[in-house]
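Quick note: the sequence shown uses the working numbering, first residue 1, plus one each step. Beta carbons: idealized from backbone N, C-alpha and C, even for Gly. Predicted, not measured: the structure shown is a model, and the values here were computed from it. For reference, the structure is listed below as structure tokens.
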Amino acid sequence: MAKQNKPRGKRDKCVKMYVTAEELSVLLESSGRAGLSLSTFARRVCLAMQVKSREDQQARRELLKINADLGRLGGLLKQALASGVDRHLIHTHLREIDRTRDLLKTRVKGMA
Numbered sequence: 001m002a003k004q005n006k007p008r009g010k011r012d013k014c015v016k017m018y019v020t021a022e023e024l025s026v027l028l029e030s031s032g033r034a035g036l037s038l039s040t041f042a043r044r045v046c047l048a049m050q051v052k053s054r055e056d057q058q059a060r061r062e063l064l065k066i067n068a069d070l071g072r073l074g075g076l077l078k079q080a081l082a083s084g085v086d087r088h089l090i091h092t093h094l095r096e097i098d099r100t101r102d103l104l105k106t107r108v109k110g111m112a
């Protein structure tokens, strides 16, 4: 993943804000889901930077692993095809794997 551009210079200015107990609870929960400190989370939200949750990142990694597994399955089916197994059955499975991989890629891109 590409890192976001960091501003030049040291962050030495403090911004203070008042929130209710409920708002603080929501902020802490949201920053925790993103795996960020409250300060980093608030800075990114206020500066309209992208904030991705840990769950989204983990789901994206899992989908990419599934995509890799499907690629390996495709390779095994191609080997079976070369060894003389029923070609029609193999081609049917290969097309199904390709459709599933395309769907996974679309979903992963949609999560970005």
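Find out if the Cβ-Cβ distance for the pair Gly-74, Leu-94 is shorter than 8 Å.
yes
Could you check whether the stretch 37 to 45 touches the stretch 59 to 77, counting it as contact only if at least three pairs of C-beta atoms, one from each stretch, sit closer than 8 Å?
no
Considering only the alpha carbon of each residue, which of Lys-13, Gln-79 and Val-51 lies closest to Ala-34?
Val-51
Taking the C-alpha atoms as reference points, what is the distance between Ala-21 and Glu-29?
12 Å
Thr-40: first and last residue of the uninterrupted alpha helix (DSSP H) it sits in
38 to 46
Work out the CA separation of Gly-71 and Thr-40 for me, nearest whole Å.
38 Å
Every unbroken alpha helix (DSSP H) within the stretch 70 to 106, with a cutoff of 4 residues, ordered by chain:
None, since the stretch 70 to 106 contains no complete alpha helix (DSSP H) of that length.
By the DSSP assignment, the alpha helix (DSSP H) with Arg-33 in it spans what residues?
Start and end: 21 to 34.
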